[in-house]
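Structure first, then comments.
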Amino acid sequence: MNAGSTTEQQVVLRYFDALANGKQDVIRDSFAADATFTYPADLPMSGTWTGPDGIVDGFLAAAFALLDPEKPVSVDVTGVYPAGQHVIVEWTSRGTVRNGNPYLNHNIAVFTVREGRIVSAREYADTQHWEHALRSTES
């Protein structure tokens with residue numbers, strides 16, 4: 048990589064900064080045209096999403112739609128581990144589900160970066176916590 052060029056770690060941290068601050072244009076710009084984002088389990092945002100539009104308008108929109116837009120949401124990076132074209136990131140996500148239940152999860156993902164864009168991401172989290180948080184507070 049040439050001096051002054053963007054490292055893989057910078058690309059991924061730029062994405063997290065945009066995610067934490069609601070910068071949709073920067074989030075989209077973080078992903079290559081054929082990028083994939085994979086999330087496990089059987090939740091509204093589960094599956095493999097392709098391209099910036101699929102990732103932003105599909106995966107992220109489905110995840111954020113579960114949260115109360117009137118309550119604060121935070122994404123706090125707690126660890127970054129670069130390994131060549133791969134960057135492993137740990138973070139804590141906090142929010143309130145639309146039903147009023149709290150959401151607090153610890154996530155990890157493996158990002159692959161090429162030519163200044165994320166080309167793939169595989170996220171892992173406590174998906175059972177999502178399932179519990181999404182349950183109604185009524186008995």
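In the working numbering, the protein residues as written are 48 to 186.
A virtual CB, placed ideally from N, CA and C, is assigned to each residue, including glycine.
Looking only at its chain, what residues have a beta carbon closer than 7 Å to the beta carbon of Arg169, apart from the 5 residues adjacent to it on each side?
For the purposes of this step, residue 169 is identified with residue 122 of the sequence shown, where counting begins at 1. Excluding residues within five positions, the ones whose Cβ falls inside 7 Å are Thr85, Ala156 and Val157.
Please name the residue, chosen from Pro87, Asn68, Tyr62 and Ala67, that lies closest to Arg75 on a Cα-to-Cα basis.
The residue you call residue 75 lines up with position 28 of the sequence shown. The candidate whose alpha carbon is nearest that of Arg75 is Tyr62.
Report, in whole angstroms, the separation of the C-beta atoms of Pro87 and Thr174, which I expect to be a contact under 8 Å.
Here residue 87 refers to the residue found at position 40 of the sequence shown. Here residue 174 refers to the residue found at position 127 of the sequence shown. Yes, Pro87 and Thr174 are in contact; Cβ-Cβ is about 6 Å, under 8 Å.
As assigned by DSSP and simplified to three states, the class of Val120:
For the purposes of this step, residue 120 is identified with residue 73 of the sequence shown, where counting begins at 1. Val120: coil per DSSP, three-state reduction.
C-beta contact flag for Ala110 and Met92 at 8 Å
Counting from 1 along the sequence shown, the entry for residue 110 is found at position 63. Counting from 1 along the sequence shown, the entry for residue 92 is found at position 45. Cβ atoms of Ala110 and Met92: closer than 8 Å.
Using the three-state DSSP reduction, which class does Arg164 fall into: helix, strand or coil?
One-based indexing of the sequence shown puts residue 164 at position 117. Of the three classes helix, strand and coil, the one that applies to Arg164 here is strand, per DSSP.
Span separating the alpha-carbon of Ser77 from that of Tyr150:
The count along the sequence shown starts at 1 and reaches residue 77 at position 30. The count along the sequence shown starts at 1 and reaches residue 150 at position 103. Each residue's Cα considered, the two are about 26 Å apart.
Other residues of its chain near Leu113: CB distance less than 7 Å, five sequence neighbours each side excluded
Along the sequence shown, one-based indexing puts residue 113 at 66. Pro91, Val144, Arg145 and Leu181, listed in sequence order.
Alpha carbon to alpha carbon, what distance is there between His153 and Val136?
As a working mapping, residue 136 is identified with position 89 in the sequence shown. As a working mapping, residue 153 is identified with position 106 in the sequence shown. Distance between the alpha carbons of Val136 and His153 is about 11 Å.
Distance between beta carbons of Val122 and Leu60, contact taken as under 8 Å
In the sequence shown, residue 60 corresponds to position 13, counting from 1. In the sequence shown, residue 122 corresponds to position 75, counting from 1. The Cβ separation is near 12 Å, so there is no contact.
Sequence-distant residues of its chain with Cβ nearer than 8 Å to Lys118 (five each side left out)
Within the sequence shown, numbered from 1, the residue matching residue 118 stands at position 71. Counting only Cβ-Cβ distances below 8 Å, and skipping sequence neighbours, we find Gly142 and Thr143.
Looking at C-alpha atoms only, which residue of His176, Val134, Gly147 and Pro99 is the closest neighbour of Asp115?
Along the sequence shown, one-based indexing puts residue 115 at 68. It is Gly147.
Counting along the chain, where does the alpha helix (DSSP H) carrying Phe84 start and finish?
Position 37 of the sequence shown, counted from the first residue, corresponds to residue 84. It is not in any alpha helix (DSSP H) - Phe84 instead sits in the beta strand (DSSP E) that spans Phe78 to Tyr86.
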